[in-house]
Each structure stands twice: as C-alpha cells, then as structure tokens.
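Enquirer:
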Amino acid sequence: EDKVVQSPLSLVVHEGDTVTLNCSYEVTNFRSLLWYKQEKKAPTFLFMLTSSGIEKKSGRLSSILDKKELSSILNITATQTGDSAIYLCAVGANAGGTSYGKLTFGQGTILTVHP
Amino acid sequence: GAVVSQHPSRVICKSGTSVKIECRSLDFQATTMFWYRQFPKQSLMLMATSNEGSKATYEQGVEKDKFLINHASLTLSTLTVTSAHPEDSSFYICSARAASSYNSPLHFGNGTRLTVT
C-alpha cells in the first residue's frame, strides 16, 4: 500500500523565521510528488516534482525531491502570517488505466506563523 | 488555468435525507475525477475515483451504496450521500485533471461542507 508521511505534524514559528517541512514516501511506480497549501477551502497547488535534485522555487517557497532518499522538503523563508495553513504533500504513481492521477496524501503539516 | 467548480459550498440536512454534490470542470474535459473527504485538521482521504461513462472505483472501507457517484459527462461528476447520518458530516472535495495533460497537477474544487443534524 502506498504511504506518504509528513513531519512535523504541526509547527509554530514567528514571522521572519525559516521553516522546512518534510515529506517521505513509499510508493510503487512513483511518478511525481506534489505540494499543496490548504487554507480554509480547497488545496491550492504549489509545486510538482518529478526529477531528483532540481529545486523548484516560487518567491519565498522552494522545494526539492530526493528520489534516492524517497523524500522531499518544502522550505519557506522569511515566513509571514499569511503562510499559516496546512501544507499537504501528495504522491502520484503510474497506475495505468483510468486511475491515473490518483494521489496519496500525507497527513499534512499545520503551520502557524505568529506576528 | 484549469478551474474546478463544486456546488454547493455548504449544506445542512436532516438525518436520513440524501444530499447531492456536483463537481464540474469548467474549462477542460476530465475523464477522471476524484472525491476526497477531510475531517478537521486532517489530510484528504480519497473516497473514490469517478470515471466518465463507467462505474466508480471505491477505496477500501467506503460504502458504494452510501456514496453514489455518477460521472455522466466529461465535465460533471456527482456524489450523492444517501441516508445521511451525523457521522457523515465532513468536508468533501473533488479534484480533476485535464484529460490531455497527464503530467499536470490535479485541480481541486472549493469543497462542500456537509452538516447532518
């Protein structure tokens, strides 16, 4: 059974801090790893990683995949109160047929940024 | 970009009644849509995979007779919670990917908060 584990489960920091969120996976036929940010409603897409060692960056957020270690990290620098959210890691596998696109989600990391 | 619309955003119903939730892909065709359930401060749990024109595939532990899924067209999937009970109260989210873009990420609807009284 595919498994995705995130750590820490929750994190409380102050504005300006840098945080690193972790995601590890055990998946048959790995295809991609995705990071989502979820505030009050649906998750919004942050990054999709398919190749090991290539950092993806968007503003203060960056992420990298390590296929050898079966893991990924999401970094947020100079955190702001608006970064407070649940960060979800999800892994997609090559499933074939009509189930392609199925994602296995981690438990999420609840990030709280205090002013 | 790809947009997924989910309706209603919030519904309150009485125990024993049925509730239908719609998920539409607005600017792309989705042969496959996914239905998730989320409890407060927990991750998304996949309930079922909805395939256009065929039967849905349910995850282990999800009752197919209770959570009826219909995917009648390339842009619409519906989830009907039948004979709802208070323990069915949850946040239900659908997602879809453009059929022609296997490598693109899933896009999510805004979710439906169901409260069963």
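Order-wise, the sequence lines are chains A and B. Everything in the first sequence is counted per my numbering, starting at 27 for the first residue and increasing by one. Everything in the second sequence is counted per my numbering, starting at 10 for the first residue and increasing by one. Heads up, the beta-carbon is just placed ideally off N, CA and C, and yes, glycines get one too.
#1: What residues of chain B sit near L60 (chain A), judged by a beta carbon separation below 7 Å?
#2: Given a cut-off of 7 Å on the beta-carbon distance, is the pair T89 (chain B) and I21 (chain B) in contact?
#3: Give a yes or no on contact between the segment 129 to 141 of chain A and the segment 31 to 50 of chain A, applying the rule of three or more CB pairs nearer than 8 Å.
#4: Tell me the start and end of each unbroken beta strand (DSSP E) in the segment 51 to 91 of chain B that is at least 3 residues and wholly inside, in chain order.
#5: Whose CA, out of B:F48, B:Q69 and B:S52, lies closest to the CA of T58 (chain B)?
#6: Given this structure, state the Cα-to-Cα distance separating Q64 (chain A) from A107 (chain B), to the nearest angstrom.
#7: May I ask which residues mark the beginning and end of the beta strand (DSSP E) holding H94 (chain B)?
#8: Answer yes or no: does any C-beta atom of chain B fall closer than 7 Å to that of D68 (chain A)?
#9: Would you list, in chain order, the members of the segment 83 to 94 of chain A that have their beta-carbon closer than 9 Å to a beta-carbon of chain B?
#10: Considering only residues of the segment 10 to 50 of chain B, which uninterrupted beta strand (DSSP E) runs meet the minimum length of 3 residues and lie entirely inside it, listed in chain order?
#11: How would you list, in chain order, the residues of chain B whose beta-carbon sits under 7 Å from the beta-carbon of L129 (chain A)?
#12: Between the segment 98 to 114 of chain A and the segment 82 to 99 of chain B, do three or more beta carbon pairs fall short of 8 Å?
#13: When DSSP labels each residue in this structure, what does D43 (chain A) get in the three-state scheme?
#14: Is the Cβ-Cβ distance between A68 (chain A) and F117 (chain B) less than 7 Å?
#15: Which same chain residues, not among the five before or five after L129 (chain A), have their C-beta less than 6 Å away from its C-beta?
#16: Taking 7 Å as the CB-CB cut-off, is L53 (chain B) touching chain A?
#17: Taking the beta carbon of V12 (chain B) as the centre, do at least 16 other beta carbons fall within 10 Å, making it buried, or is it exposed?
#18: Might you give, ordered along the chain, the residues of its own chain that have their beta carbon closer than 6 Å to the beta carbon of R203 (chain B), omitting 5 neighbours on each side?
#19: Any beta-carbon of chain B closer than 7 Å to the one on F71 (chain A)?
#20: Report the three-state DSSP secondary structure of T107 (chain A) (helix, strand or coil).
Expert: Considering the structure as presented:
#1: On the first sequence, residue 60 (chain A) is found 34 positions in, with the first residue counted as 1. Ordered by position in chain B, the residues that pass the 7 Å Cβ test against L60 (chain A) are P114.
#2: Your numbering for residue 89 (chain B) matches position 80 in the second sequence. Your numbering for residue 21 (chain B) matches position 12 in the second sequence. Contact flag unset, no.
#3: Using a Cβ-Cβ distance cut-off of 8 Å, the segment 129 to 141 of chain A and the segment 31 to 50 of chain A are in contact, since at least three pairs of beta carbons, one from each stretch, lie closer than that value.
#4: Fully contained in the segment 51 to 91 of chain B are the following beta strand (DSSP E) runs of length 3 or more, in chain order: 54 to 60, 76 to 82 and 85 to 90.
#5: Locating residue 58 (chain B) in the second sequence gives position 49, counting from the first residue. Measuring from the Cα of T58 (chain B), the nearest candidate turns out to be B:Q69.
#6: One-based indexing of the first sequence puts residue 64 (chain A) at position 38. One-based indexing of the second sequence puts residue 107 (chain B) at position 98. Cα to Cα, Q64 (chain A) sits roughly 21 Å from A107 (chain B).
#7: As a position in the second sequence, residue 94 (chain B) is number 85, starting the count at 1. Careful: H94 (chain B) lies outside any beta strand (DSSP E) and carries neither H nor E.
#8: Locating residue 68 (chain A) in the first sequence gives position 42, counting from the first residue. In the sequence as presented, Asp is not what sits at residue 68 (chain A); that position holds Ala. It does: the Cβ of A68 (chain A) has a partner Cβ on chain B nearer than 7 Å.
#9: For the segment 83 to 94 of chain A, which is checked against every Cβ of chain B, not one residue is closer than 9 Å.
#10: Listed in chain order, they are 13 to 16, 19 to 22, 28 to 34 and 41 to 47.
#11: Sequence index remark: in the first sequence, residue 129 (chain A) carries index 103 (1-based). Taking the beta carbon of L129 (chain A) as reference, the chain B residues within 7 Å of it are L115, listed in sequence order.
#12: Flag = no, the segment 98 to 114 of chain A and the segment 82 to 99 of chain B do not touch.
#13: Here residue 43 (chain A) is taken as the residue at index 17 of the first sequence, counted from 1. Note: D43 (chain A) maps to coil in three-state DSSP.
#14: Against the first sequence, residue 68 (chain A) aligns to sequence position 42. Against the second sequence, residue 117 (chain B) aligns to sequence position 108. Going by C-beta atoms, A68 (chain A) is nearer than 7 Å to F117 (chain B).
#15: Taking the first residue of the first sequence as position 1, residue 129 (chain A) is located at position 103. Taken in chain order, the residues that qualify are A116 and G118.
#16: Mapped onto the second sequence, residue 53 (chain B) falls at position 44. Yes, contact with chain A.
#17: As a working note, residue 12 (chain B) is residue 3 in the second sequence. With fewer than 16 Cβ atoms within 10 Å of its Cβ, V12 (chain B) is classed as exposed.
#18: In this structure chain B extends from 10 to 126, so residue 203 (chain B) is not present and cannot be described.
#19: In the first sequence, residue 71 (chain A) corresponds to position 45, counting from 1. Yes - at least one Cβ of chain B is within 7 Å of the one on F71 (chain A).
#20: Here residue 107 (chain A) refers to the residue found at position 81 of the first sequence. Note: T107 (chain A) maps to helix in three-state DSSP.
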